[in-house]
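Worksheet: the structure to be examined is printed underneath.
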Amino acid sequence: MASKNASKSKRAKPPRPRRSGKTGLPAGSLVYLGERKTEHAAITLIEYSPDELKETRFESLADCHSCAPLLPKVWLNVHGLHEPEVMAEIGRRFKLHPLVLEDILNTDQRPKVDDYGDYLFLVARFFDHDEANLTVTSEQVSFVIGHDFVLTFQERPTGRFDPVREWLRADKGRIRSLGCDYLAYALLDLVVDRYFTVLEQVGERSEDLEDALMAKPDAALLQTLHQLKRETLTLRRAIWPLREVINTLVRNEGRFFAPETQLYLRDIYDHTVHLIESLEAIRDLIAGMLDIYLSSISNRVNQEVRTLTVFAIIFMPATLISGIFGMNFKAMPLLDAGNGFLIAIGLMIGVASTLGLIFWRRRWIG
Amino acid sequence: MASKNASKSKRAKPPRPRRSGKTGLPAGSLVYLGERKTEHAAITLIEYSPDELKETRFESLADCHSCAPLLPKVWLNVHGLHEPEVMAEIGRRFKLHPLVLEDILNTDQRPKVDDYGDYLFLVARFFDHDEANLTVTSEQVSFVIGHDFVLTFQERPTGRFDPVREWLRADKGRIRSLGCDYLAYALLDLVVDRYFTVLEQVGERSEDLEDALMAKPDAALLQTLHQLKRETLTLRRAIWPLREVINTLVRNEGRFFAPETQLYLRDIYDHTVHLIESLEAIRDLIAGMLDIYLSSISNRVNQEVRTLTVFAIIFMPATLISGIFGMNFKAMPLLDAGNGFLIAIGLMIGVASTLGLIFWRRRWIG
Amino acid sequence: MASKNASKSKRAKPPRPRRSGKTGLPAGSLVYLGERKTEHAAITLIEYSPDELKETRFESLADCHSCAPLLPKVWLNVHGLHEPEVMAEIGRRFKLHPLVLEDILNTDQRPKVDDYGDYLFLVARFFDHDEANLTVTSEQVSFVIGHDFVLTFQERPTGRFDPVREWLRADKGRIRSLGCDYLAYALLDLVVDRYFTVLEQVGERSEDLEDALMAKPDAALLQTLHQLKRETLTLRRAIWPLREVINTLVRNEGRFFAPETQLYLRDIYDHTVHLIESLEAIRDLIAGMLDIYLSSISNRVNQEVRTLTVFAIIFMPATLISGIFGMNFKAMPLLDAGNGFLIAIGLMIGVASTLGLIFWRRRWIG
Amino acid sequence: MASKNASKSKRAKPPRPRRSGKTGLPAGSLVYLGERKTEHAAITLIEYSPDELKETRFESLADCHSCAPLLPKVWLNVHGLHEPEVMAEIGRRFKLHPLVLEDILNTDQRPKVDDYGDYLFLVARFFDHDEANLTVTSEQVSFVIGHDFVLTFQERPTGRFDPVREWLRADKGRIRSLGCDYLAYALLDLVVDRYFTVLEQVGERSEDLEDALMAKPDAALLQTLHQLKRETLTLRRAIWPLREVINTLVRNEGRFFAPETQLYLRDIYDHTVHLIESLEAIRDLIAGMLDIYLSSISNRVNQEVRTLTVFAIIFMPATLISGIFGMNFKAMPLLDAGNGFLIAIGLMIGVASTLGLIFWRRRWIG
Amino acid sequence: MASKNASKSKRAKPPRPRRSGKTGLPAGSLVYLGERKTEHAAITLIEYSPDELKETRFESLADCHSCAPLLPKVWLNVHGLHEPEVMAEIGRRFKLHPLVLEDILNTDQRPKVDDYGDYLFLVARFFDHDEANLTVTSEQVSFVIGHDFVLTFQERPTGRFDPVREWLRADKGRIRSLGCDYLAYALLDLVVDRYFTVLEQVGERSEDLEDALMAKPDAALLQTLHQLKRETLTLRRAIWPLREVINTLVRNEGRFFAPETQLYLRDIYDHTVHLIESLEAIRDLIAGMLDIYLSSISNRVNQEVRTLTVFAIIFMPATLISGIFGMNFKAMPLLDAGNGFLIAIGLMIGVASTLGLIFWRRRWIG
Ligand SMILES: [Mg+2]
Ligand SMILES: [Mg+2]
Ligand SMILES: [Mg+2]
Ligand SMILES: [Mg+2]
Ligand SMILES: [Mg+2]
Ligand SMILES: [Mg+2]
Ligand SMILES: [Mg+2]
Ligand SMILES: [Mg+2]
Ligand SMILES: [Mg+2]
Ligand SMILES: [Mg+2]
Ligand SMILES: [Mg+2]
Ligand SMILES: [Mg+2]
Ligand SMILES: [Mg+2]
Ligand SMILES: [Mg+2]
Ligand SMILES: [Mg+2]
Ligand SMILES: [Mg+2]
Ligand SMILES: [Mg+2]
Ligand SMILES: [Mg+2]
Ligand SMILES: [Mg+2]
Ligand SMILES: [Mg+2]
Ligand SMILES: [Mg+2]
Ligand SMILES: [Mg+2]
Ligand SMILES: [Mg+2]
Ligand SMILES: [Mg+2]
Ligand SMILES: [Mg+2]
Ligand SMILES: [Mg+2]
Ligand SMILES: [Mg+2]
Ligand SMILES: [Mg+2]
Ligand SMILES: [Mg+2]
Ligand SMILES: [Mg+2]
Ligand SMILES: [Mg+2]
């Protein structure tokens, strides 16, 4: 029982959100399905125009109540989704549909994009490779993309959006002169780039495992193999729909993304196709490894059985000869001869050598 | 024969409706294909307007004959489909096509939606996880969705629609002010939510089985594995077409569902996609388990054959030596020497140890 | 050689039509590809109006020559296709394209529907489950559906269309008032319903086989398994295109089928989808059985090899001990002691018991 | 080395055209990729009108230079493609694009149809079943279909188009009154009909192999199985695109094929679908045979291992008993008893019988 | 550890570009992801009109700064992409989008074509078969196709475009009179033709491996098999999207390619389809080889186990008989008889011969 639990914790399955707990609640009920964090939700508001940038960080909900945006373009980022009141307040400010708020809190969404007329609602996932447990984890990141605002929602503070914050502060690539659509693109690009890192780590673990399997096929590696296979399935379930999401944005010209930004979205689309190919290559590698493992095992059985065959057959006649000369007959040839023993031993060696030669010629030995 | 029947009943296959019995009957023949229940059909009529709600429960068909709806929106729910006269009467009242009535009684329908001009006819399934037999069961639930009425038909009373009844009574989420399309949505949402519960239970059983297989691969578990696989196939046959049904409703704008309700249907659509992904993940898990099981078995054979190999090869030379010194030659070396026996035993131990060392170096031992 | 022929006849392959014999003939050559029957072709003509019904059965071709239809709606059914002159005459009367006549005689057509402007030509198959040989057989049934006539062609008289004949005679469901399109629907419904019966029989044989395999995996059952698999493939090749045929009719509104009849065709379409699902479920079951069979076999090898391992290892040391005390050394311990024999036997039992205990603890025994 | 070459020639792989030799040549370079034949190219010109037919056979290129068609409809057939000058001359006469001429000479084309405005260019393959080597071979046949001419190109004279030549001479089916499109159809029909013959031969070899495998699974049959599998793959690569070619012609109404001829093309289309089904059925049969073969092999191992198990276990105790009574202890029970030997033998037989009974009950014997 | 590294280097994996290093950089950052070469970038400019041709080769960036094209059609080829300043300068001259420059430097692009309004941007790959390491390598080649210029970018100088250079110099096929679109076609054709060479080499290695496997299935060949499988996967990932790229060009009529050139693109399209079929045929061959290998292995185990069975069973009774006559009973039959020994030996030979005969009849021997 103890070892069973141990192996369970070793596989390090993340606690899955349980949807069944929401059965019977009306649509739009704000129930956070992720793990409850102890800290407060953290809200960061960045307002900017080509010439100015204003950053505000709210420590509590009360602060948030009293402030109104001063500059034309707004990026509001929220960390920590376990306080439904905060979400409800944001929903009121930006006129968000209850289903949008519900989806932000249901953190097991698959990537998707929904058009709500006044804004786009987009869900994606940030992946991480847990070096300690050798597993991948992920958290939901939600975007609300309006004409003059971008809202982003994350389960916990990760600093993954920091590069874009730096570009805004330094106005790198004139990002402050471009619209909110370009800001949304830049943030999505960070989400997509994150997958390259995770895929490279999974790919490296796959190749390490392959080398280990080539060196010595071991039953313990089979478990690792299945763990890797499951991780690639998890990644697959995130990347394939993400590609469709980006594709929808690319084709959806003019409504929320300017033609110039479309070109950049097409670039991200290329990245997602590239990610899918890398992932499928890893999956092919893993599938091939299972074949190698299984045929190695059956090959080893083969060689060991053959060794037994050869040894048994070589010893059998000698053992029979010794048995024959151990019989208690009164009248038996050779028993009284002086070189009888040597003749018997010679007979044994002769038969064994002949068999050995036959097996060597058949390449069953050596 | 007894054990065969036992194993049959253990697998707990639900009695399947036999379509072949309907061959040669004209279209629209009202023959109930499910299990015949003993109780009467139960009809519940809920009429409502934004301000009022009237609930009536008919005990017999006669009661049903005399009543006419008083309020603008009507929800009629029927439990128990084995009384064709009741169905025929409802058909006359709501001008239902004979094929609709036939489909309601053919309780092995796959989920579908048909547009009959004046109303939509929709079939779905309520799933249950039978804890005693560790199997999933399902029953058909049919919807007729008109502009000012919703009819629902279930095989037996389950109380699954009770939450919506409560919302209507309490006017939660202003459900009474919204149209019959929203009521239909709310009922469909209950159908879809039910799958989350069942999938979580099947998923848990899959993971329990995986843990058991990891701990000790056992032929008995293989049967459970195939039972689970078959259940996921059953669920698959229900969920995939259900997604298509909801998708049809989402795209079918304006005829029976108001634009606002479309958004809610899109939410259910997300749920069905989520369900399909969860189900496929469970199926991948099960497929992986079969691989693990089979390779564990072949691995065990491998190790046992190797153990035999090593033991046999270690014992064989010693046995031969004992045979040699048991031969009855007059003139044999060592026989008369005082330490002959010890030399022979030493020879045996020496050869056996040398072989043991060779196998230990090859890692065939330990 | 005899047993080979026996197994061949046991598999009961139906004689396949040989298309290659038609190479080099001009298109529209009337060559019947089925088995040549000895009886005459039988032609039944049913003419009807809402009020009248006239049934004529032609015994010979000459009778057919002299008659002309009197009532507005006509159903001509032909049994036996081996008399090309009959077919040619019918073709002249109803102005059928030579390719239609050719297709009627090529009785290995896959289900299809072709629009010839003045009429639809439709091919389907009637299936049968041969209880004696435990195999499925099928024969082609062809429909020509015009605005005021329906022609049906069958290879031999089966009585499968009798229910519709009865409805026409009794004017059940007012079938005589409805158009020829409804008659065509009613006949197609009989074709589709037939599949339910056959699928149920195949499904039952599959489940019986599964029970037999569970009870005792046997090489003989493997042959049955492959026979069943092949039958499901045969059914698959008939049902999948049949669904497409019906689907074409459903979408092809207004030309040959009135809107009201479309609803009925949609009902048959549901049936074909249902059939496909049942068939795929049976195929999944069969695929699962092969897995069970193969893993049962490998599991049995496993257990038998283990038994050998355990026995061999338990006996080997005892045999060696007996050999050691059978050596002919002058000076050997214990030989002269009074309890030497018992000590030796005790040693044997002790070593064997110890090994037995070790194996029992490893669960290799019991 | 000798046996390797032998097995290579046995597989009888046709010399494959090598495309790489054309790298760096400009488009339209006329290089024949097939096997170089020694005979001259043979050109047959058939000109016809409803009332007349003129056949000319050119022995050398010079003859071809001086002649011009006299009748409105022309069919030019060329055998032997290894003389680029002949091809270039034909290209000039019929204004063919250099890419068309190149494709005619590249005889490893997959079936396709290209619209060049003034004519259609169509490539297909004639298959043959080589009875001696038990393999399929194929050669390319190219069609150029204009409004008043049809050109056909074959690698060598096969006589496969002779039936159409006979119809033209005899004006069978009034083929001379119909357009060049009907001539093209008639020739295509011959190409398609050829596949039926080849598929029947492959199908028969598959069934023969199945019977042989059922009778006695043999490693030599495995090679035949893979040869057959490869042939079905070759056929598949020819038939699937051919179906698409015909389908393109069927949909491409009015440009080169009159509506009446469309009906005939639809008939060929049916044939290609039928061919694909037959081919896939053969492939399923072959896949099933591999399963049967592998499980037969593993089943045989199973039975032989079991036989060994039973024999070894039955002999082991008897051998031990003989060893025990062969020990040289002074004081041993039974040795001096008169019936000691019989008791020992009885003990051996008793233990062996008991074990035999146990195994018989477990059905491991008999 | 040493052998692990050895096997790693043996597999000769090319260093993969690491995308993760670009995370957090703004779009259009010019970072070369391939291997850094030591030589300078080499730029070759070919300007031409129907009558003239001017070739210039720039040794350093400074030379490139001062020159402007004199003739109407321009082909600029760049070898070596590791100098971002060169790329930036070219980008300024030809007004290329930063994303185009970025893609040229990201040399792990999958084949694609993007329309940037003023020019097409196309990425493909040149493949090579490394004879020494028996593996395939590839490098990216990028095209920018404008109305009067073609830019090509390669990672290193390979001379693969030399044939087109020769055609331009000799005005072969009047290439100088045709537009830049024909030049782009001619270069693309070289890219596609390259695949034929590589596929033929991979195909030959596959057939060599098959012959080796047929001759003697060996565990070492399995590794080669998996190496080949992986190479075909690499080729697949390059060829399938390349087909789509060419298909896009074929359908994209009139914008950058004249109708006449479309015909030539369609020819390349045929080539890519042909390549895909050849590749899939190789992949089928490889898949079949794995089957043959695995069944050969299991077949060999089978025969060796059988040999053991037969030998063991033949020796066992003889060994038992010798044991029986070696027992030390006082009163034993035959011991004192003169021919006792011969009778015993005869008994042994008799039993062994009988068993041998039985096995020979069952065909377990010979
Ligand atoms: Mg809900
Ligand atoms: Mg919901
Ligand atoms: Mg994502
Ligand atoms: Mg590797
Ligand atoms: Mg996801
Ligand atoms: Mg890019
Ligand atoms: Mg019916
Ligand atoms: Mg029906
Ligand atoms: Mg359902
Ligand atoms: Mg688990
Ligand atoms: Mg269902
Ligand atoms: Mg939602
Ligand atoms: Mg024909
Ligand atoms: Mg035909
Ligand atoms: Mg049919
Ligand atoms: Mg069952
Ligand atoms: Mg069929
Ligand atoms: Mg129905
Ligand atoms: Mg095995
Ligand atoms: Mg070329
Ligand atoms: Mg070319
Ligand atoms: Mg062809
Ligand atoms: Mg057969
Ligand atoms: Mg081909
Ligand atoms: Mg036909
Ligand atoms: Mg980036
Ligand atoms: Mg980028
Ligand atoms: Mg490429
Ligand atoms: Mg080969
Ligand atoms: Mg590539
Ligand atoms: Mg070509």
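Residue numbers (the UniProt record's numbering), protein chains in the order written: chain A, 1 to 366; chain B, 1 to 366; chain C, 1 to 366; chain D, 1 to 366; chain E, 1 to 366.
Even for Gly, the Cβ is constructed at its ideal location relative to N, Cα and C.
Remember, it's a predicted structure, so these values are computed and weren't measured experimentally.
Coarse secondary structure for residue i, derived from DSSP in three states
| i | result |
| --- | --- |
| residue 418 of chain E | In the structure displayed, chain E extends from 1 to 366; residue 418 of chain E sits before or after that span and is not available. |
| alanine 42 of chain E | strand |
| lysine 229 of chain D | helix |
| lysine 172 of chain B | helix |
| methionine 1 of chain E | The pLDDT assigned to methionine 1 of chain E is 40, lower than 50, so where the model puts this residue is not dependable, and the model offers no usable value. |
| valine 136 of chain B | strand |
| residue 447 of chain E | Limits of chain E in this structure are 1 at one end and 366 at the other, which puts residue 447 of chain E out of reach. |
| tryptophan 364 of chain A | coil |
Residues that DSSP places opposite residue i in a beta bridge
| i | result |
| --- | --- |
| serine 142 of chain B | B/Val123, B/Phe153 |
| leucine 53 of chain B | B/Tyr48 |
| aspartate 114 of chain A | A/Phe121 |
| histidine 129 of chain E | E/Val136 |
| phenylalanine 58 of chain D | D/Ile43 |
Interface partners of residue i on chain A, CB under 7 Å
| i | result |
| --- | --- |
| leucine 30 of chain E | By Cβ distance, chain A contributes nothing, its closest Cβ being about 13 Å from leucine 30 of chain E, past 7 Å. |
| arginine 19 of chain E | Phe196 |
Run of the beta strand (DSSP E) containing residue i, from where it starts to where it stops
| i | result |
| --- | --- |
| leucine 25 of chain A | From DSSP, leucine 25 of chain A is part of no beta strand (DSSP E); its letter is neither H nor E. |
| valine 74 of chain D | 73–79 |
Terminal residues of the alpha helix (DSSP H) in which residue i lies
| i | result |
| --- | --- |
| leucine 202 of chain C | For the record, residue 202 of chain C in the displayed sequence is valine; it is not leucine. That run of the alpha helix (DSSP H) goes 180–215. |
| alanine 88 of chain B | 84–93 |
Residues that residue i contacts on chain E, provided the C-beta gap is smaller than 9 Å
| i | result |
| --- | --- |
| leucine 320 of chain A | Phe315, Ala318, Thr319, Ser322, Met348 |
Pair within 7 Å by beta-carbon distance, residue i and residue j
| i | j | result |
| --- | --- | --- |
| leucine 249 of chain A | leucine 279 of chain A | no |
| alanine 321 of chain D | leucine 347 of chain D | The amino acid occupying residue 321 of chain D in the given sequence is isoleucine; alanine does not appear at that position. Yes; because the gap between Cβ atoms is below 7 Å, this pair is in contact. |
| valine 141 of chain C | valine 245 of chain C | no |
| asparagine 299 of chain B | valine 301 of chain A | no |
| tyrosine 182 of chain C | threonine 232 of chain C | no |
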